[in-house]
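K.L.:
Residue numbers (the working numbering), protein chains in the order written: chain A, 0 to 338; chain B, 1238 to 1619. Heads up, the beta-carbon is just placed ideally off N, CA and C, and yes, glycines get one too.
1. Just the chain B side, please: which residues come within less than 8 Å of residue 108 of chain A by C-beta, in chain order?
2. Do the CB positions of residue 244 of chain A and residue 275 of chain A come within less than 8 Å of each other?
3. In or out: residue 1592 of chain B buried (at least 16 other Cβ within 10 Å) or exposed?
4. Decide if residue 159 of chain A is buried, meaning its Cβ has at least 16 other Cβ atoms within 10 Å, or exposed.
5. Would you verify that the beta carbon of residue 1300 of chain B is, or is not, closer than 8 Å to some beta carbon of chain A?
6. Closest Cβ-Cβ distance between residue 1528 of chain B and chain A: below 8 Å?
7. Looking at the strands, I want to know which residues DSSP matches up with residue 187 of chain A.
8. Identify the contact partners of residue 1251 of chain B in chain A, using a Cβ-Cβ distance below 9 Å as the criterion.
9. Please classify residue 1380 of chain B: does DSSP put it in a helix, a strand, or coil?
10. May I ask you to report which of helix, strand or coil DSSP gives residue 162 of chain A?
11. Which complete alpha helix (DSSP H) runs does the stretch 1552-1613 of chain B hold, if anything under 4 residues is left out?
12. According to the Cβ coordinates, are residue 1427 of chain B and residue 1446 of chain B closer than 8 Å?
13. Roughly how many whole angstroms lie between the Cα atoms of residue 1553 of chain B and residue 75 of chain A?
14. Taking Cβ positions only, does residue 96 of chain A come closer than 8 Å to chain B?
15. Any beta carbon of chain D sitting closer than 8 Å to that of residue 1386 of chain B?
16. Within 8 Å (strictly less), CB to CB, does residue 1257 of chain B reach chain A?
17. Just verifying my parser: in three-state terms, what is the DSSP assignment at residue 262 of chain A?
18. Assuming residue 24 of chain A is part of the alpha helix (DSSP H), what are its boundary residues?
19. Around the Cβ of residue 51 of chain A, are there at least 16 other Cβ atoms within 10 angstroms (buried) or fewer (exposed)?
20. Could you give the residue range of the beta strand (DSSP E) that holds residue 1392 of chain B?
21. Name the DSSP beta bridge partners of residue 1244 of chain B, please?
22. Measuring CB to CB, does residue 1320 of chain B end up less than 8 Å from residue 1351 of chain B?
23. Interface residues of chain A around residue 1480 of chain B at Cβ under 7 Å?
24. Would you call the stretch 1338-1345 of chain B and the stretch 52-59 of chain A touching, i.e. three or more CB-CB distances under 8 Å?
25. So, with DSSP's three-state summary, where would you put residue 108 of chain A?
26. Should the stretch 1472-1479 of chain B be regarded as contacting the stretch 1497-1510 of chain B, the criterion being three or more beta carbon pairs within less than 8 Å?
27. From the beta carbon of residue 56 of chain A, is the nearest beta carbon of chain B less than 8 Å away?
28. Check the DSSP bridge columns for residue 320 of chain A and list the partner residues they point to.
29. In angstroms, rounded to a whole number, what distance separates the CA positions of residue 1260 of chain B and residue 230 of chain A?
30. For the structure I just gave you, are there three or more beta carbon pairs, one from the stretch 4-23 of chain A and one from the stretch 135-151 of chain A, closer than 8 Å?
31. With distances taken Cα to Cα, identify the nearest neighbour of residue 1393 of chain B among B:1452, B:1256, B:1442.
32. Do residue 1364 of chain B and residue 1253 of chain B have their beta-carbon atoms positioned less than 8 Å apart in this structure?
33. Whose Cβ in chain B lies nearer than 8 Å to the Cβ of residue 53 of chain A?
34. Taking only beta-carbon atoms, is residue 42 of chain A less than 8 Å away from chain B?
35. Which one of A:239, A:265, A:264 has the shortest CA to CA distance from residue 253 of chain A?
36. Please report whether the beta-carbon of residue 323 of chain A lies at a distance below 8 Å from any beta-carbon of chain B.
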C-alpha cells in the first residue's frame, strides 16, 4: 500500500525557511489552494509561537486558464507586484502544477528586478519531500553569504522552524554556549534578515539542528570554509560532549562549562528522585527508535525499570535539547508515573 | 493579475475530502502528492489515505500507485472514494478506466475529479456529496435530515447536537446527517432537510429552513412544529421566547453603558448575512462590511469577496470596525478590535467543548461571545 508521505511537501519545507526571513516576500507559483494549505499551517504554528501576524505569502492563484495556456506571464506580473511592496528579498517557490505544465520559473526569476529574486525549486512531490524543500531553501539562500572577518562565534543552521518548542531549543543552546563564552553569530534561518545571512561567513563554527542538515553543513563548508557539528545537544552525556566539542572547535577551554553543567544535571536528576524504581514503557515504532537511546540513558540514570506494562511515558522524536529539555521531559514522565 | 496575498480558504479538493471523510464506511484516497494529503489529513482529524505520487508516477502514469493504495486499504471500508488532485487532472489519465480494469465491480469505488485549481471549497464539498449513491426514502416522514455539516467547520459537532436536540423537542427524529456524525454511505435520506449551514445546502429533500441566526431558527422551528406537532410546540411557545428575552435583556443592559458596535464579518456569505441580521436586530449593530470566502449567492446585505489576507487587511483598514467576526486571520489582521471567532480556522486557542453556532443555543452562544468581547474591548480602551 502506498502510505502517506510523513515527510510532507517540498513547498512546506521551503516555506518553513523563507517565511522566517524578515522583510522577505514568498511567492508561490501555483493554485491558491496550495498556498492556502501552507499559509494556514504557518498561521497555526506562528500563533502557537505568539507571533502576531501571519507571514507574507503571495500566490499567483493559478486557474484552469493558466494550466492550459501556461503561467509564466502571470508569474512575471506577480514578481513585479511583489517587488512594488519593496521587500528586501523575494523568494519564488514553484508547485507540482507549475512543474507539470512546464513553466520555466527559473527563467522568470532571472529577469532583472530592483529586489533580489531567488527561485527555490520546490515542485511539490516532483522536488522531493519536506526535508528536501528545507535543505534546498537554505542552500539557495546561502548564496547571499560572503567571506567576512571571522570571530570565535557560531551559526545555528537548519532549526526546525515548525517545531512547537523551537524557541525553547534555541534558548537552551544559547545557555550552553554562554557557559563557554561563545556568542551566536547568525541563526540561519529563525528570525534572520538578509543582512544576517550575508554575515554567515563571520562564524568559526556551524552547529546543525540535526544530522539531516548535513547537506547544508557540507555546502557551507565548501563555500565558506566553516566546519560544523551535526547536532544540537541531546541527552545527558550528549550535552556534556557538545560543550567539549564546541570548546575544542573554538579553541576555548570547556572544563568550567562542563563542570557547571554536570552540577546542573545532578540537581535535575535529584529533583526527580521520586521516579526511582518506577516501571516505564517507551512508545514503539520507528519514530521513537532514534530517541530511545537517550530514553534508556535517562532511565538508567534515574534507576527506572523499562519493561512492558510499565507506565507509558513519552519519548519525543526529535528528542528535547539539552538539560533543560530533559527537565521538561521528566516533568511529563512524572505526571505519567503519578510520582 | 488578481493579486492573492495569503489565500484564506481551502480548495475544492479539501472541500471534497471534508465531505467524504465525514461519511462512515467510506475510505478517502487522495490521488496526488503528499502535500495535497497533509493539510486535509491534519485539519479534518479523520483517517484518509494518499497515493503519494512522485515524479516517477507523473512520467509513467499514476495508475500503479493508485492500485497499490487501493489494494492496501480495500476490505477496511464498504466504499472507497478516490479524489483526483491537480496533477492527475493535468496529465489526463482515465482513472475510472484504471479502476474498472483492475477491480471491475468487486470494490465499490467512487472517482471524483477534484483539482484544486478548478473550484472552491464549497463546490468541492457539494460535488462530492452529489457523487454519493444516496437514496431518498419517501416513507421516512417522521425524520428530518441535517445538512451543512462539515468536518472543516469548528462548530459542526455543536451544531449537530443542538439541531438534534431541537428535532427531538419538536417530536421529529434525526435523519441523515450530511456529512458527519452517524451518517454512512448506506444511509437513506428522509424526505425533508434542515440546513446547519446555508452555504452548504445539499439540495436533498424538502428544505425546512436554515439554523443560523435567531430569525431563521424561529422560521425553521415553526415549519418543523407545523409538520410534527399537531398542537403547536414547546420550542415556539417557550424555548425561543425565553432565549429571545435573555438576548434582548442582555443587549439592553449593554446599551445602557455602550454604543452598538460597528461590525465587520468574514466567512461564508449566507451564514455571515444571517449573523449580521441578528446583530442588527438585537444589538442595533452597524454592519460595516461582510467579507465572503465563497462566491456570494444572494442575500439581503451587500457582500464583497475576501478570500485572501491582503484583501481582508484592505477592508479592515478602510472600515476600522470595533468588532470583527471571522477567523483567527482576521483576529491577527485587526488586533485593535474586539473579536469573535465564527469561521475556520480558529488558531491559537484551546477548543474542547462542542460549541454550536446554529440553533437556539448557537445564537445564544454567539450573542454571549459578542457582548463579552465588546465589553472587554470597551473596558480595555478606557
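P.N.:
Taking the coordinates as given:
1. Ordered by position in chain B, no residue passes the 8 Å Cβ test against residue 108 of chain A, which lies about 16 Å from the chain.
2. no
3. buried
4. buried
5. no
6. no
7. A:156
8. Those are 32, 35, 36, listed as they occur along chain A.
9. Here residue 1380 of chain B sits in strand by DSSP.
10. Three-state result, residue 162 of chain A: coil.
11. 1565-1570
12. no
13. Looking at the two C-alpha atoms, the distance is approximately 29 Å.
14. Chain B contact via Cβ: present.
15. Going by chain labels, chain D is absent from the structure shown, which instead holds the protein chains A and B.
16. So no, residue 1257 of chain B is outside the interface.
17. helix
18. Careful: residue 24 of chain A lies outside any alpha helix (DSSP H), inside the beta strand (DSSP E) at 23-28.
19. exposed
20. From DSSP, residue 1392 of chain B is part of no beta strand (DSSP E); its letter is neither H nor E.
21. B:1545
22. yes
23. Within chain A, no residue comes near residue 1480 of chain B; the closest Cβ sits about 33 Å away, beyond 7 Å.
24. No, the stretch 1338-1345 of chain B does not touch the stretch 52-59 of chain A.
25. Helix at residue 108 of chain A.
26. no
27. yes
28. A:233
29. 45 Å
30. The stretch 4-23 of chain A, when compared against the stretch 135-151 of chain A, does touch it at the 8 Å Cβ threshold.
31. B:1256
32. yes
33. 1243, 1546, 1566, 1569
34. yes
35. A:239
36. no
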